[in-house]
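So the structure is just underneath, and the comments pick up after that.
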Amino acid sequence: MQKFQGVDYFNADQLLNEEEILVRNTVRQFVDDHVLPVIERHYRAGTFPADLIPKMAEVGLFGATLPARYGCAEMKNVAYGLAMQELERGDSAVRSFASVQSALVMYPIFAYGSDAQKDHWLPLLARGEKIGCFGLTEPDFGSNPGGMITRAERTQDGFLLNGAKMWITNGTVADVAVVWAKLDGVVHGFLVEKGTKGFSAPEMKGKHSLRASVTSELVFEDVHIPAENILPNGSGLRLPLSCLSQARYGIAWGAIGAAMACYDAALSYAQSRVQFTKPIAGYQLTQAKLVEMLTEITKAQLLCVQLGRLKDQGSIRFQQISMAKRNNVYQALRIAREARSILGANGILDEYPVMRHAANLESVITYEGTHEMHTLIVGEDITGLPAYT
Ligand SMILES: Cc1cc2nc3c(=O)[nH]c(=O)nc-3n(C[C@H](O)[C@H](O)[C@H](O)COP(=O)(O)OP(=O)(O)OC[C@H]3O[C@@H](n4cnc5c(N)ncnc54)[C@H](O)[C@@H]3O)c2cc1C
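Here you go:
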């Protein structure tokens, strides 16, 4: 296949500065060189390409927006978003790995951790020498995490943790789990280290989506947590939700990457596949599909650049992130399905990235708040009326 040239119908590159374009191009090259050659094999095998971890660390993809004193790249938010876009052009699993490590593990340690926790964990996580996971969802509490059953009780020298989490990205391979549990009825974050007695993290099998990502259960049976492993600076559901806002921001960008990969594959296929008298790109129905795809990609790009500028200004609202995640993932999924139809039977083959992206996006539209929950978040914001219960 021809090398990816980018998709930029509205000259949105004009909205980016040199550093942002440099980051985007660096990660684009990284994906071409290291992700695309191996991803189909890992997707089929149901394994994460772990060889990528040190290389991703080298490019500065872990905790990319956090301060340099922890070994992080201290990127601005648009640059970070563009990096997530390019990673997800490779595969949603690779972007998910970076999102979890950065937004769901390093961010809570940075925002709510003690100095000792930050000094210990952030450099190790930034270098990819340690891997983290984020345990919020439970078997019976997904969209309603506030109902969680996982509990911590105080002991003489720390806490005793009991409960279970499900659908946890990187759980089995993580060295440290950021686990959300109720202590005296209030949600707190705890750092649970791999190998702690009573803690296990079996991998969940049988996924048809995000096959190149490790997804796990976390089980806590009388797990003793040292007192210094609670995140000391804050409590309440607000904490995990603030981490989700960080991750959803990256997902809004990432979805553009998946959509661009599908559009790019569909366009070049349509230009070369001849049926009846000419290439299928020459038929009006195919053109309508391609125009719709490109229009939605363009709108998503413009939405995300402004979202990133708001984030850099510090004036972003979580409802705006919800709108962007909701829209961009939904449109990416539609684009993937349309691309699949343009490729005809070839669209179901792993010779093309389209079916893999379509299957992955079925997870992306569900995790980090389902499409419906983001509808309710924006709905409450504009009407003042919560409609969750
Ligand atoms: C591959 C993958 C990786 C994941 N990684 C992680 C992770 O690392 N950490 C983590 O904590 N979680 C993770 N998750 C879990 C994910 O965040 C949850 O799956 C998600 O929040 C939805 O929860 P649920 O699956 O229990 O669905 P449910 O909450 O049971 O929802 C089922 C359906 O009901 C709808 N629904 C629910 N409530 C309402 C309502 N009030 N009004 C209207 N519709 C409603 C939902 O929108 C959805 O369509 C992951 C999930 C997947 C698939």
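Numbering (numbering that gives the first Met the number 0), first residue to last: 0 to 388. Built from N, CA and C at the ideal position, the CB exists for glycine as well.
The Cβ atoms of Ala67 and Gly131 lie no closer than 8 Å to each other.
Remark: the C-beta of Leu135 is in contact range of ligand 1, defined as less than 7 Å to any heavy atom.
Within the same chain, Cβ atoms closer than 7 Å to the Cβ of Gln84 are found at Trp252, Gly253, Ile255, Gly256, the five residues on either side in sequence being excluded. Relative to the Cα of Glu367, the nearest Cα in the group Phe133, Thr171, Val6 belongs to Phe133. Fully contained in the segment 49-114 is no beta strand (DSSP E) run of length 3 or more.
Annotation note: the segment 246-285 contains no uninterrupted beta strand (DSSP E) run of length 3 or greater. The beta carbon of Leu209 sits closer than 7 Å to at least one heavy atom of ligand 1. At the C-beta level, Gly157 and Ile224 come within 8 Å of one another.
Non-local beta-carbon contacts of Glu192 in its own chain, meaning distances under 6 Å to residues more than five positions away in sequence, involve Val175 in chain order. Taken atom to atom, the span from the alpha-carbon of Ala335 to that of Ala115 is near 45 Å. In this structure, the beta-carbon distance from Met165 to Glu216 falls below 8 Å. At least one heavy atom of ligand 1 is found less than 7 Å from the C-beta of Leu375. Placement of the Cβ of Val213 at a distance of 7 Å or more from every heavy atom of ligand 1 is found.
Close CB contacts of Arg210 within its chain, under the 7 Å cut and outside five residues either way in sequence, are with Tyr42, Gly45 (chain order). Note on geometry: alpha-carbon atoms of Gly62 and Val273 lie some 47 Å from one another. Counting only runs that start and end inside the segment 14-55, the alpha helix (DSSP H) elements of at least 4 residues fall at 17-29, 35-44.
For Ser362, the enclosing alpha helix (DSSP H) starts and ends at 353-363.
Straight across, the Cα-Cα distance linking Val304 with Val6 is about 15 Å.
Exclusion of the five residues before and after Glu73 leaves Pro66, Ala67 as the residues of its chain whose Cβ lies within less than 6 Å of its Cβ. For Leu209, the secondary structure class from DSSP, reduced to helix, strand or coil, is coil. For Ile334, the Cβ stays outside the 7 Å cut-off from all heavy atoms of ligand 1. Residue pairing by DSSP places Ser215 opposite Ile167, Glu202 in a beta bridge. Residue environment analysis places Thr294 among the exposed positions, since fewer than 16 neighbouring C-beta atoms fall within 10 angstroms of its C-beta.
Spatial neighbours of Ser244 in its own chain (CB-CB distance under 6 Å, excluding positions within 5 residues in sequence) are listed in chain order as Phe317, Ile320. The shortest CA-to-CA distance from Ala323 to any of Gln28, Tyr106, Tyr248 is the one to Tyr248. Relative to the non-hydrogen atoms of ligand 1, the Cβ of Tyr366 comes within a distance shorter than 7 Å of at least one.
Approximately 6 Å separates the beta-carbon atoms of Gly70 and Arg126; this is inside 8 Å, confirming the contact. With 16 or more other CB atoms across the displayed protein chains lying within 10 angstroms of its CB, Ala269 is buried.
By a beta-carbon distance limit of 8 Å, Val222 contacts Leu160. Their separation comes to about 4 Å. Taking 8 Å as the cut-off, the beta carbon of Phe189 is found closer than this to the beta carbon of Ala151. Ile376 is not a Cβ neighbour of Val328, given a cutoff of 8 Å. If one requires a minimum length of 3 residues, the beta strand (DSSP E) runs lying completely within the segment 135-197 are 150-154, 157-168, 175-182, 185-192, in chain order. In the three-state scheme derived from DSSP, where H, G and I count as helix and E and B as strand, Gly313 is classed as coil. Listed as beta-bridge partners of Val222 by DSSP are Leu160. Pairing Thr149 with Thr388, the inter-Cα distance amounts to about 22 Å. Residue pairing for Ile229: DSSP places it in a beta bridge opposite Phe189.
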